[in-house]
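The letter at position 186 of the sequence shown is residue 169 when you use the working numbering, and the numbering goes up by one with no holes.
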Amino acid sequence: MYRAVIFDVDGTLVDSNDAHAWAWIQALAEGGRHVDFARVRPLIGKGGDKLLPELAGISIESPEGQAIGEARRRIFQREFIPRINATRGAQQLLEWMRDERLTLVVASSAETSEVRDLLRIAGAVRFFDATTSSDEADRSKPDPDIVHAALERTGCRASEAIMIGDTPYDIEAADRAGIGTIALRCGGWWSDGDLSRAVAIYADPADLLNHYDVSPFKRPLPVRSA
């Protein structure tokens, strides 16, 4: 049976993916670069190290990239954080998992300060044993760095852990770390086909909790090879 759960945050515990997309769009516009929502939204789930080169052909480490990144931070905090809500059943699922004596660790491509704010919105801070973010990884999802860091914090083997996320990037990062993923649709945008490498798919945390007794937590599935 699983001993640890590694959680994504954006789109999984909080309904924030569209907000992240709009924050990037506004930040890029401040720098004179105009991009459509449809170009940005499928990239949410990756960190700025991946997103900016794909969108604008610039490095997040360049002076322009750093300015855009700082603008995105400011816009997200000021305009969007106050409007973000928890996903349905997020707190209840975490509480149930703590009662099941599972070790819970965050693995997010977001920065530490944002992760902290989003966990507060979800009412989730007290449930987690550890938090990993972009600050603990050289490369963001779908590279496995953050998942490796989170797995180390659990103290478990890969076969004893499972990830819960909402994007193909979560699934790929976990696969590359040797961990299976339960996917949630509540992050939006992605079809079940896009999430097909997950070991199971549920609508949201509440749906997983409602089907917990027949979920991979009660009947673990073999981890697929990458």
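Cβ coordinates follow ideal geometry from the N, Cα and C atoms, glycine included.
- Between G138 and M146, the alpha-carbon positions lie close to 15 Å from each other.
- Under the three-state reduction of DSSP, V89 is assigned to strand.
- In this structure, N0 and D(-9) do not form a Cβ contact; the two beta carbons are roughly 11 Å apart against a cut-off of 8 Å.
- Listed in chain order, the non-local C-beta contacts of E143 below 7 Å within the same chain comprise Y(-15), R(-14), A(-13), local neighbours out to five positions each way being set aside.
- D19 sits exposed, since fewer than 16 C-beta atoms from the chains shown fall within 10 Å of its C-beta.
- Comparing C-alpha distances from H17 to each of A39, T95, P125 shows the shortest one belongs to A39.
- By the CB criterion at 7 Å, V(-3) and A69 fall inside the cutoff.
- In this structure, the straight-line span from the alpha carbon of G15 to that of M80 is close to 46 Å.
- Rounded to the nearest angstrom, the gap between the Cα atoms of E94 and S116 is 6 Å.
- The segment 105 to 163 is shown to contain whole beta strand (DSSP E) runs of 3 or more residues at 113 to 115, 144 to 148, in chain order.
- Assignment of V(-12) by DSSP, reduced to helix, strand and coil, places it in the strand class.
- The C-beta distance from A156 to P125 rounds to 5 Å, short enough to meet the 8 Å contact threshold.
- As the crow flies, the alpha-carbon of S174 is around 31 Å from that of D112.
- Per the Cβ contact rule, the segment 176 to 184 is not in contact with the segment 1 to 11 (fewer than 3 Cβ pairs under 8 Å).
- Excluding its 5 nearest sequence neighbours in each direction, A133 has C-beta neighbours in its own chain below 6 Å: I(-11), V88, A90, T115, listed in chain order.
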